[in-house]
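Chemist:
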Amino acid sequence: MARRRKAGDDTAIMAAWRASRGGIVALVLFTAFINLLRFATPLYLLQVLDRIPVSRSIETLVMLTVMVLAAVAAGMALDVVRRRMLTRWGTWIERRFGPRLVRQELSRPGPRTSPDLNTALGDLGRVRSFVTRGAASWLDVVWTPLFLLGTYLIHPVLGAVAVAATALLVVLAILQEYTTREARRVQNDASREAGSLMTDAERNRESVAGLSMSSALTDRWQRSAGGRLAERERIEARQNFFQTMIRGLGEILRIGMIAFGLWLAVTGGMTLGGIFAARVMAGFGYTLAERAARNWRSLREARVAYVNLKQRLAEENGAETSVLPDTEQAPLVLDKVSFRHQGQRDDVIKRLSLTLTAGEGLLVTGTAGTGKTTLSRLVVGLIEPRYGQVRLGDVEVSRIPAELRSRLIGYLPQHTEIFSGTVRENIARMGDLPFGEVVAAARLAEIHDRIVALPQGYDTPIGPDLTGLSGSERKRIALARAFVGKPRLIVLDEPMANLDDSTRRALGSALKQLKADGCTIIATQAVHSTPLSRLADKFLILGGKSMEVTEAQSAKNDTASEDTSGLRSVT
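The sequence shown maps to residues 502 to 1072 in this note's numbering.
(1) Could you tell me whether the Cβ atoms of A702 and M714 are closer together than 9 angstroms?
(2) Please list, in chain order, all residues of the same chain as E678 whose beta carbon is under 7 angstroms from its beta carbon, the five residues on each side excluded.
(3) Helix, strand or coil for K873? Go by DSSP, reduced to three states.
(4) Could you check the C-alpha separation between L602 and N741 for me, to the nearest Å?
(5) Return the chain-ordered list of same chain residues with a C-beta closer than 8 angstroms to the C-beta of S684, the five sequence neighbours on each side being excluded.
(6) Helix, strand or coil for G922? Go by DSSP, reduced to three states.
(7) Inspect the beta-carbon positions of L562 and V582 and report whether they are closer than 9 angstroms.
(8) Only counting runs of 4 or more residues, tell me where the alpha helix (DSSP H) segments fall wholly within the region 874-942, in order along the chain.
(9) On a CA-only basis, which of L698, L990 and I1023 is nearest A998? Give me that one, please.
(10) When you compare only the Cα positions, how much space is there between L1036 and G1009?
(11) Using only the alpha-carbon positions, how far apart do R925 and Q723 sit?
(12) Please work out which residues of its chain come closer than 8 angstroms, Cβ to Cβ, to R792, disregarding the five sequence neighbours upstream and downstream, and give them in chain order.
(13) Which residues in the same chain have their Cβ closer than 7 angstroms to the Cβ of L1000, if we skip the five residues on either side of it in sequence?
(14) Please classify A1024: does DSSP put it in a helix, a strand, or coil?
(15) Alpha carbon to alpha carbon, what distance is there between G860 and R629?
(16) Between L876 and A903, what straight-line distance do the alpha-carbon atoms span, to the nearest angstrom?
(17) Would you mind sorting Q843 into buried or exposed? The rule is 16 or more other CB atoms within 10 Å of its CB.
(18) If we count Cβ pairs, one from each stretch, closer than 8 angstroms, do we get three or more for the region 904-916 versus the region 974-994?
(19) Check whether the region 664-672 and the region 562-577 are in contact - that is, three or more C-beta pairs closer than 8 angstroms.
(20) Which residues in the same chain have their Cβ closer than 7 angstroms to the Cβ of A929, if we skip the five residues on either side of it in sequence?
(21) Return the first residue and the last residue of the beta strand (DSSP E) that L863 is part of.
(22) Rounded to whole angstroms, what is the Cα-Cα separation between G599 and T858?
(23) Alpha carbon to alpha carbon, how far is L970 from F920? Give it in angstroms, no decimals.
(24) What first and last residue would you give for the alpha helix (DSSP H) that runs through F984?
(25) DSSP three-state call for L833: helix, strand or coil?
(26) Evaluate the contact criterion for the region 957-964 versus the region 865-883: three or more CB pairs, one atom per stretch, below 8 angstroms.
(27) Work out the CA separation of L625 and G751 for me, nearest whole Å.
(28) Any idea if D720 is buried or exposed, counting beta-carbon neighbours within 10 angstroms, 16 or more meaning buried?
(29) My assumption, with CB atoms under 8 angstroms, is that L835 sits in contact with S854. Please give the rounded CB distance.
(30) Does DSSP put D847 in a helix, a strand or coil?
(31) Would V838 pass as a contact of V896 if the rule is Cβ separation under 9 angstroms?
(32) Hey, out of T923, T592 and V658, whose CA is closest to F631's CA?
(33) Would you list the one or two residues that DSSP bridges to I991?
(34) In the DSSP assignment, what are the bridge partners of I963?
(35) Taking the beta carbon of N619 as the centre, do at least 16 other beta carbons fall within 10 Å, making it buried, or is it exposed?
(36) Looking only at C-alpha atoms, which of D580, R519 and S558 sits nearest to L528?
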């Protein structure tokens, strides 16, 4: 098992590297030919300036010119092909891993937030951006020593000048990175803070307008944006300084090569052709190093992003779980479950144990803040218990594969969630379920007649920002989404909110039908909820010092009692 898990950890990354092996070899070969063809220009200058004035052969000049133009054209064509390959490789990487990361982050148990998904996609975007834009410069920089060596072979003095300029370029690039790193971090933090503030304001625009909060939010945004602008100004000033220094160093190198070359020519140390050949060769080496220096940050960020992606994909492969075939019929088991919210001292759920078999219903009640929503999230695997286990049979709910869990569990959160899409897509959980199942679920939720009255029926676009549906209608669409496919376990958090009496009775009838094949857990603040009370086989009131489940058969009257330990039970 250990060997299998270790081998599976790198399957996604290693498979991608294996699939890219042929293309990588082609990129290396193309890079070699591109840089070897660059030697054609200095060789051309060496031959033309030293031999043509002496031989006065026009035919030789034409032949050499045609040859060097052909070499330059071939190098340009190979570079176009290479960059096209890198662009397609970057696109292939994003297509290969993008859906996998989205699916993994959205199905991961625990209180996940949007920054987790945004971070994963940001890492993928940085890797793709480096491959498409920065990889070529780092493939070329390997050839910098060869150009410097060629300059040295023409004359050691000119080689020393080229090496010194390139070394100074590396020092300037390192200083630029070091002196702007902290300012960039502060700027990024300020940008995230300002962006988060505006996202919250946009999401709660009605409260902002109704409570006249725009001035206060504007002041807060201005403080965050002000810090961001100050740091950006500092970063850009330093970057402009170093970029000017690097460009000036390049000019000094070119002037120095000519000056030292002419001095050597005057003293008889080299020819005119050698001067220009060495200048061009040193310029190639310096330019390749400069391009790599400009892409140093992208290389570092891509490396960090690659490590993060590798870790995320390894976690995904390591999370695969073997599930027995009878899990769909297995009972729901809460085994001494305890949970505490971060920052709290006491457990909101403490050593809770219960078992629900097919056909049983549990009614969970209690005042606000006693843990009803927390228990609902524990049951469906959104969060994991601090101690104990929540299982379907022998498998923890949070470890059941997402595809199977979507068939086994229907869930209605406390706050109704509508996605941007059609009514059919919302009920079908944004998937491609058979239309008959969608209609059957809508009928159970008593929303079918309202849907067919919409302008486009089940194909009517809806979403968080689209009006036209009342709160009750949105709630019933969410209920239909929980009912679709008649899942094995149905968990409803405050299902009666925003529903009228007739719809509540219809919901009770629907739950009675669904209960025949599965079990239901209903969390509600209303202790006396007649339609739900009649459906429940077990009752649990949260808020006491201990937690026990009371069987419905323990009493016949609709009364509430409290035992000596502080446990309240409803019968």
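We put the beta carbon where it would ideally sit given N, CA and C, even for glycine.
Modeler: The relevant details are as follows:
(1) Yes; because the gap between Cβ atoms is below 9 angstroms, this pair is in contact.
(2) Excluding sequence neighbours, E678 sits near W797 and R798.
(3) If DSSP states are grouped into helix, strand and coil, K873 belongs with the helices.
(4) Looking at the two C-alpha atoms, the distance is approximately 37 angstroms.
(5) It is Ala, not Ser, that sits at residue 684 in the sequence shown. These residues qualify, in order along the chain: E732, R735, I736 and R739.
(6) Strand, per DSSP.
(7) Using a Cβ distance threshold of 9 angstroms, L562 and V582 do not count as a contacting pair.
(8) Entirely contained in the region 874-942, the alpha helix (DSSP H) runs reaching 4 residues are, in chain order, 903-909 and 924-928.
(9) Closest option to A998, Cα to Cα, is I1023.
(10) Those two C-alpha atoms are separated by around 8 angstroms.
(11) Whole-angstrom Cα-Cα distance: 43 angstroms.
(12) Cβ neighbours of R792 beyond the five flanking positions: S638, D641 and V642.
(13) Within its own chain, the residues whose Cβ lies closer than 7 angstroms to the Cβ of L1000, once the five positions on either side in sequence are excluded, are S973, K976 and L1008, listed in chain order.
(14) Taken through DSSP and simplified to helix, strand or coil, A1024 comes out as strand.
(15) Approximately 51 angstroms, taken between the alpha carbons.
(16) Straight-line spacing of the CA atoms in L876 and A903 works out to 20 angstroms.
(17) By the Cβ neighbour-count rule, Q843 is exposed, with fewer than 16 other Cβ atoms within 10 Å of its own.
(18) Yes, they touch.
(19) Short answer: they don't touch.
(20) Counting only residues of its own chain and dropping the five nearest sequence neighbours on each side, A929 has a CB closer than 7 angstroms to the CB of V939 and V985.
(21) Unbroken beta strand (DSSP E) run through L863: G862 to T866.
(22) Taking the straight line from one Cα to the other gives about 39 angstroms.
(23) About 13 angstroms.
(24) Where F984 is concerned, the enclosing alpha helix (DSSP H) stretches over G972 to F984.
(25) When secondary structure is reduced to three states using DSSP, L833 falls in the strand class.
(26) Contact between the region 957-964 and the region 865-883 is absent, because fewer than three Cβ pairs lie under 8 angstroms.
(27) Straight-line Cα distance between these residues: approximately 34 angstroms.
(28) Label assigned to D720: exposed.
(29) Contact between L835 and S854 is confirmed by a C-beta separation of about 6 angstroms, below the 8 angstroms threshold.
(30) If DSSP states are grouped into helix, strand and coil, D847 belongs with coil.
(31) Taking 9 angstroms as the Cβ cut-off, V838 and V896 do not qualify as a contacting pair.
(32) The residue with the shortest Cα to Cα distance from F631 is T592.
(33) I991 is bridged to G911 and T1021.
(34) Looking at the DSSP assignment, I963 forms a beta bridge with G922.
(35) An exposed status is given to N619, since fewer than 16 other beta-carbon atoms sit within 10 Å of its beta-carbon.
(36) Taking L528 as reference, the option from D580, R519 and S558 with the minimal CA-CA separation is D580.
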